[in-house]
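Inspection log for the structure reproduced underneath, given as structure tokens.
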Amino acid sequence: MAVGKTSAREHLAQNRLSLGANTKEVAKTTHWSLRRDADAIAWLVLDRAGESTNTLSEAVMAELETLLDTIETMQAKGLVIRSGKAGGFIAGADIRDFSGVSETDAVEARMTRAHEIVDRLAALPMPTVAVVHGHCLGGGLELALACRFRIAVEGAVFGFPEVLLGLHPGLGGTFRLPALIAPVEAMKMMLTGKSVHTGKAKALGLVDAVIEERHVGNAVKAAIGGKLKRPRRSAGLSGFSLFRGIAARKMRSMAAKRAPQEHYPAPHRLIDLWEQHGGGEKEVMQKEEIRSFARLLTGETAQNLIHVFFLREALKAGGKGKSGIAHVHVVGAGTMGGDIASWCAARGLRVTLTDLDEKALAAAIGRAGKLFDKRLYSKIDRRDAFDRLIPDFAGDGVRQADLVIEAVAEKAEVKRKVFKAVAPLMKKGALLATNTSSIPLSELRTAVPFPERLLGLHFFNPVARMELVEVVAHDKVSDAAQARLAAFCGSIDRLPAPVKSSPGFLINRILTPYITEAFLMLDEGVRKETIDQAAVSFGMPMGPIELADRVGLDICLEVARTMKSGLDTPLPDVPGWLETMVAEGRTGRKVGRGLYEYDRNGEPRKSGQRLAPHPAMTDRLVLPMLNTCVTCLREGVVGDEKTLEGAMIFATGFAPFRGGPLRYARARGFAEIIAVLERLQEKYGDRFAPDPHWVKLPVT
């Protein structure tokens, strides 16, 4: 549960939404209601029918246009726009309206009409006030920007996440936000997609007041009565094209590092818009915004990222429900165990963390402090998170815990020893989960008297950044336990992916041929920097060599051994040098030495001298992953393509702009993928043999 959401909900639980006192209904549509209060103030409330969240669909905008006819003639002293939903203001446009669109002219026409409606709101002769609680994102923020005043209820969150969908703001945000706050700050919000909370929003000048819900009525009266004034802001240097040119060059340089233009055009189009038209007429900027937005929306990148959005929603839906888990006990305070514990504490759960090594516990608490400083937005929240995270040297927390998570060394005998120790101490009905990366649960369940409550709960490193968690089932586990653990993932803002227990489960099963092929290339004399560049050029967040170091070479070794012994699939032998490096303690980024050496910030020291990778090298790395995806579908390791695609994107960062591994394969053509695999098989061996299930997959 996000901190901002928690704060908003706490306010709204204690204070009902203020929607005007002694109001009388003036008009009502399917999604909007218009009322007039005793002070002649109009209250326009959006409560989208049949939806848990307000979004701006075409129907919502059409109804707003109709209601503006009434508002323009009702002689109100002012207009207040609110959400009728406790969860927030407006989450943005209805993404369902964006999926599958291909005609740029049609999009331009739709957006032009939407702009006309928002312009009418902005032109109303009366004072207009947007009262915002919870989330105010994308089109919702653009609607709020069209109002004269913005009043935020404590805990509100503002942002333009369109860039995450391969877009930029399209309903006036590109010119209204830079006109309201410092243009460089406005561009930063739009280019990064990061949200700002109430304190930052007030400091930026995005909102005029931050209040508690019970003070909404008085704040509205102050705004409409002229007692809530915003200081005038000059455009400053941004009005000069020379300044915008200098700033734009810097922005392009930063954007290129995070989002190469050939893969993610939206940030670069936004910078072009601001540089070329930011100091000119609003009408020109508006027209160019619409044109640019329409071209982006109908492009391949945006449509693939919209597909990814729905993959995320599907995974998120699997985490709904009540888990009944309030206390988590974590055994093992290493990198994974400590970070799992601190993440759970940050999300509101009571956590006890135990380890035989007191130094490991101390280090875990130190890392937790850094996480809380970065992710929590007030001293009170950080203090409360520390209060919930309890170092437990004796391990007594296991007796009260609703969920026990084991995160010790990746060795079956070590994990079974932990299970035999904790299982007799656990309370009735509590769940036991292992964070094993690859060990089949059939090898572990014999160590507990209640296999129906033992599951895999596989987090990925780094825990605070990787959204996906594999919920691993075996043939003795209960459906109720699986549902509870999936709901637990949802309660800590993680995406549960249900998978079947088998060597490597899903993600490591797919990544193993990717990483081992890179190891073979190393043995062939290819530079590690060149190998990594081949993957990064494809769109992966990092190459397989750096990934192996980040995962930990010791973990890679154990996973490779497990996969080699447990699968019929042809896999190369484990390299002798990998065993030597692990034995010498050179296990990767966590110790500062692995296949790369690492600086004090944990960044790999890479040679600037590297050969450009040959395109065939990329296929040699990527196609085995795609082939293994198909194998996992055939074997039932994962139940459906959506879960597979979402898991690969949110656990490995698989090139989001490509929409997922199988979406990429379809775009390229299954026949071509099979043909290339056959050529690689002929050259390098049977590990590249195409899976027979390729021909059974639907091609569209």
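958 is the number of the first residue of the sequence shown in my numbering; add one for each residue after it. Using N, Cα and C, we set each Cβ at its ideal position, and we do this for glycine too.
- Exclusion of the five residues before and after Asp1062 leaves no residue of its chain whose Cβ lies closer than 6 Å to its Cβ.
- Just so you know, the alpha carbons of Ala1632 and Met1478 end up roughly 22 Å apart.
- By the Cβ neighbour-count rule, Leu1535 is buried, with 16 or more other Cβ atoms within 10 Å of its own.
- Of the other Cβ atoms in all chains shown, fewer than 16 fall within 10 Å of the Cβ of Tyr1641; this residue is therefore exposed.
- Pro1460 is the residue among Asn1418, Gly1610 and Pro1460 whose C-alpha sits nearest the C-alpha of Val1429.
- By the neighbour-count criterion, in which 16 or more other beta carbons inside 10 Å mark a residue as buried, Pro1381 falls on the exposed side.
- With fewer than 16 other CB atoms across the displayed protein chains lying within 10 angstroms of its CB, Ser1059 is exposed.
- In this model, Met1520 and Thr1487 are separated by some 27 Å (Cα to Cα).
- Closest option to Arg1269, judged by alpha-carbon separation, among Phe1055, Gly1551, Pro1572 and Ala1454: Ala1454.
- The continuous stretches of alpha helix (DSSP H) do not include Val1456, which lies in the beta strand (DSSP E) extending over residues Leu1452 to Lys1457.
- At a cut-off of 4 residues, the continuous stretches assigned as alpha helix (DSSP H) that sit fully inside the stretch 1427-1510 are 1436-1448, 1464-1480, 1485-1495 and 1501-1508.
- Taking Thr986 as the centre and dropping the five residues before and after it, the same chain places the C-beta of Glu1020, Thr1023 and Leu1024 closer than 8 Å to its C-beta, in chain order.
- Under the three-state reduction of DSSP, Ala1006 is assigned to coil, being neither helix nor strand.
- DSSP lists Pro1561 as the bridge partner or partners of Tyr1555.
- Sequence-distant Cβ neighbours of Leu1013 in its own chain, meaning closer than 6 Å and more than five residues away, are Ala1050 and Gly1096.
- In summary, Ala1080 is exposed, with fewer than 16 beta-carbon neighbours lying within 10 Å of its beta-carbon over all protein chains present.
- Per DSSP, reduced to three states, the secondary structure at Arg1324 is helical.
- Of the residues assessed, Arg1339 falls on the buried side of the cut-off, its CB having 16 or more other CB atoms within 10 angstroms.
- Each residue's CA atom was taken as its position, placing Lys1145 and Leu1122 some 16 Å apart.
- Under the rule that a run must span 4 or more residues, the alpha helix (DSSP H) segments found entirely inside the stretch 1114-1148 read 1130-1137.
- In this structure, the alpha-carbon of Arg1209 lies about 28 Å from that of Ile1502.
- If you draw a straight line from the Cα of Glu1598 to the Cα of Leu1504, it is about 24 Å long.
- With contacts defined by Cβ atoms closer than 9 Å, Leu1161 and Val1167 do not form a contacting pair.
- In this structure Lys1384 touches Arg1356 by the C-beta definition: roughly 6 Å separates them, less than 8 Å.
- In summary, Lys1547 is buried, with 16 or more beta-carbon neighbours lying within 10 Å of its beta-carbon over all protein chains present.
- Residue nearest to Arg1591 within the set Val1434, Leu1463, Lys1433 and Leu1637 is Leu1463 (criterion: CA-CA distance).
- In the same chain as Arg1620, and ignoring 5 residues on each side of it, the C-beta atoms closer than 7 Å to its own belong to Asn1261, His1264 and Glu1602, in chain order.
- Annotated three-state conformation of Ile1247 is helix, per DSSP.
- Per the coordinates, the alpha-carbon of Leu1102 lies some 11 Å from the alpha-carbon of Cys1093.
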